[in-house]
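Protein chains in written order, with the numbering used here: chain A, 1 to 368; chain B, 1001 to 1368.
Beta carbons are placed, not taken as given, at the ideal position from N, Cα and C, and that holds for glycine.
Computed from a predicted structure; not experimentally measured.
First comes the structure, then the notes that go with it.
What follows is the structure, given as structure tokens:
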């Protein structure tokens, strides 16, 4: 029984749910005829990556050079680092590009010139386009600069221009399916128009890479798009649940937390599960800040609480669970906490514990 | 030169500043005649712990049984785990208590009975008192229950009742020295009154353990208190700076971040430094949400930016730095980011890099 192993906050994974989440999006995108290049920054695990491989996935996305090196060690041979190229990591790019098909993002001419000079092996270049999020990428209206970047890549004999890539991360702030669709369609339309301008001006066909979990879940037609790169859908989380992107039953990870003390007098229970175990993210649900929602851990699944309960506040190691009604928790019990933002929660751990008691290793981002 | 080692977000420590911070509080508390039992959850490092030992510190506080085991490995022989006892970790408590002087927190009669039955070696018990924060501890007005707990401990022949302990964490929400002092004095007065009630009713003398960084910094007299347990002061951070508890020059850690792209057109620079490198904490300063403040990294120190600049938004790996005026940053440069909450930032890393290029290992909380 997996619960007997737990003494402190532990990252749990429900393999059956996660495999269902993977299959659902893989089947949908396959039917749409576009490439599915899932973002592995959410799960960060070679073992979980193998569950994607079983669904026919061969191309992946990661968020750092170190994560690309890790997955290269798991025999992935076509990897996009979906973060603008960092010239400080040129030696890692060369190491990777010598061995597998590496895709890099560029959006800056000075940086591109540096890379073209220093890269020792062929890479695939995507130009990151900012279609309105104002996080990273070259502004979508900068046609001349974009064409200059493409021309520089094409003039190098070594490298390939793969296409235009963007991230409609603003869909994560939306709570309605209609608004998520509107943002995605608007960004897609702008990307398609830009690719047509490029074809008209220099005769180059451009791939289009987009992708985020809300769009991958809600959008039905991906016409004119080359590939999609969602990541969070593998686990989903309370943020996606509160935006209507997933159901609570589709959430694939939870943090197992020991119950420390029973403060029934104030309808609260202290649990061992704080911001170093969950991250400081919260959702506002029914007018309240919520840092997590508890579930009861059964033999091979987790189920909803019989009473209405939520994680009301967290500090470094403390979590205060508020409940209405009788929750019947006592010191030493183990409950699960569904995370607000699974990517940030998972990033903090070195491994998962499956409901079958298997330990699943993952990448450790801040090790040197 | 330490900067040449940096390719990705890296936790920097300014040893000279940190040693000054330690000395300042150690000298002050020594002069006050109370015990200084610093909380090591902020730095989590045996090496940095040794800097405290050089100031005469022999007793420490940690936030978990695993952290106690780590510091026991660094020859610390008097450790308080300042988190209510977790009955799931009874075997760790027994392992530690067999070897060194262990202090545990209790606030629940069922749990105390369990511990008294299962502990194989003597421990020092503190009763955690909630003097108004409503996070953990037994309510300060519950005199009868508190006396029952004390009596149970005293009736065991093995263990020692050490005293009453609380945490005035509500000082962290305050921005004025006067308000911080008022909260601390009010909590102290309540703790002293409670100890007098206990003496009158059962003739027991009780120690009083309090402590948080804002109080340790601002309060001058600690009369009637046995010990203080501040932790954050070792590094301070922007939260403490914005509350007037420290100056910017006293902040002892920064995250070194590569500059990725120059978005001068929108007065922004993309840096490689996101929520997995800093945590999601922010302060509101001059009406703006701020996730960090940049500093220029010099040979052996960091200095303020010539222009007004701040970290405006972060996602998993991306940081968007906004500046007014000419910041002259280019891809490949390395800057420092002062963290909003040093405890959470530091917790994510496995080691520090000192400005002299030394790597300093630390505890890794979520490894099994």
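Are the CB atoms of residue j and residue i within a distance shorter than 7 Å?
i, j, result
"residue 1053 (chain B)", "residue 1227 (chain B)", "no"
"residue 1316 (chain B)", "residue 1274 (chain B)", "yes"
"residue 159 (chain A)", "residue 125 (chain A)", "yes"
"residue 68 (chain A)", "residue 89 (chain A)", "no"
"residue 1340 (chain B)", "residue 1239 (chain B)", "yes"
"residue 258 (chain A)", "residue 1086 (chain B)", "yes"
"residue 1002 (chain B)", "residue 1278 (chain B)", "no"
"residue 1198 (chain B)", "residue 1206 (chain B)", "yes"
"residue 128 (chain A)", "residue 165 (chain A)", "yes"
"residue 1190 (chain B)", "residue 1140 (chain B)", "yes"
"residue 1084 (chain B)", "residue 1050 (chain B)", "no"
In whole angstroms, what is the alpha-carbon distance linking residue i and residue j?
i, j, result
"residue 336 (chain A)", "residue 1364 (chain B)", "22 Å"
"residue 1347 (chain B)", "residue 276 (chain A)", "7 Å"
"residue 268 (chain A)", "residue 302 (chain A)", "21 Å"
"residue 20 (chain A)", "residue 71 (chain A)", "22 Å"
"residue 310 (chain A)", "residue 323 (chain A)", "7 Å"
"residue 1219 (chain B)", "residue 1143 (chain B)", "28 Å"
"residue 370 (chain A)", "residue 338 (chain A)", "The requested residue 370 (chain A) is not part of the displayed model; chain A covers only 1 to 368."
"residue 1077 (chain B)", "residue 1056 (chain B)", "14 Å"
"residue 1214 (chain B)", "residue 1250 (chain B)", "14 Å"
"residue 11 (chain A)", "residue 328 (chain A)", "23 Å"
"residue 1079 (chain B)", "residue 1123 (chain B)", "10 Å"
"residue 1368 (chain B)", "residue 1100 (chain B)", "Confidence at residue 1368 (chain B) is low in this model, with a pLDDT of 49, below 50, so its placement is unreliable and no value can be given for it."
"residue 91 (chain A)", "residue 1260 (chain B)", "16 Å"
"residue 221 (chain A)", "residue 134 (chain A)", "26 Å"
"residue 118 (chain A)", "residue 103 (chain A)", "16 Å"
"residue 163 (chain A)", "residue 1235 (chain B)", "45 Å"
"residue 1216 (chain B)", "residue 1230 (chain B)", "7 Å"
"residue 1204 (chain B)", "residue 1195 (chain B)", "8 Å"
"residue 1271 (chain B)", "residue 285 (chain A)", "32 Å"
"residue 1209 (chain B)", "residue 1061 (chain B)", "11 Å"
"residue 1024 (chain B)", "residue 1042 (chain B)", "17 Å"
"residue 372 (chain A)", "residue 1304 (chain B)", "An answer regarding residue 372 (chain A) cannot be provided, because it is not within the stretch 1 to 368 covered by chain A."
Can you find a CB in chain A that lies within less than 7 Å of the CB of residue i?
i, result
"residue 1004 (chain B)", "no"
"residue 1356 (chain B)", "no"
"residue 1305 (chain B)", "no"
"residue 1310 (chain B)", "no"
"residue 1332 (chain B)", "yes"
"residue 1131 (chain B)", "no"
"residue 1275 (chain B)", "yes"
"residue 1366 (chain B)", "yes"
"residue 1258 (chain B)", "yes"
"residue 1281 (chain B)", "yes"
"residue 1347 (chain B)", "yes"
I'd like to confirm the pairing. Which residues does DSSP put opposite residue i in its beta bridges?
i, result
"residue 292 (chain A)", "A:339"
"residue 199 (chain A)", "Answer is none; residue 199 (chain A) lacks a bridge partner."
"residue 1061 (chain B)", "B:1039, B:1080"
"residue 319 (chain A)", "A:271, A:314"
"residue 1210 (chain B)", "B:1228"
"residue 1352 (chain B)", "B:1360"
"residue 1105 (chain B)", "B:1084, B:1126"
"residue 160 (chain A)", "A:124"
"residue 1013 (chain B)", "B:1253, B:1354"
Residue i CB to nearest chain B CB: under 7 Å?
i, result
"residue 343 (chain A)", "yes"
"residue 318 (chain A)", "yes"
"residue 395 (chain A)", "Since the displayed chain A opens at 1 and closes at 368, residue 395 (chain A) lies outside it and no answer follows."
"residue 240 (chain A)", "no"
"residue 297 (chain A)", "no"
"residue 60 (chain A)", "no"
"residue 272 (chain A)", "yes"
"residue 243 (chain A)", "no"
"residue 135 (chain A)", "yes"
"residue 250 (chain A)", "no"
Taking 7 Å as the threshold (beta carbon to beta carbon), is residue i in contact with chain D?
i, result
"residue 1350 (chain B)", "Here the protein chains are A and B, and chain D is not one of them."
Tell me which residues of the segment 1035-1046 of chain B have at least one Cβ-Cβ distance to chain A shorter than 7 Å, keeping chain order. Within the segment 1035-1046 of chain B, contact with chain A at the beta-carbon level (separation under 7 Å) is assigned to 1041.
Pull out every residue of the segment 182-207 of chain A whose Cβ sits closer than 7 Å to any Cβ of chain B, in chain order. Taken residue by residue, none of the segment 182-207 of chain A has a beta-carbon sitting less than 7 Å from a beta-carbon on chain B.
Selection of the segment 146-169 of chain A by Cβ proximity to chain B, strictly under 8 Å: 169
At a CB distance below 8 Å, what residues from the segment 92-114 of chain A approach chain B? Give them in sequence order. 92, 107, 108, 110, 111, 114
Of all the residues that make up the segment 1076-1087 of chain B, which are near chain A by a beta-carbon distance shorter than 7 Å? 1083, 1084, 1086, 1087
Beta carbons nearer than 9 Å to chain B: which residues of the segment 215-228 of chain A have them? none
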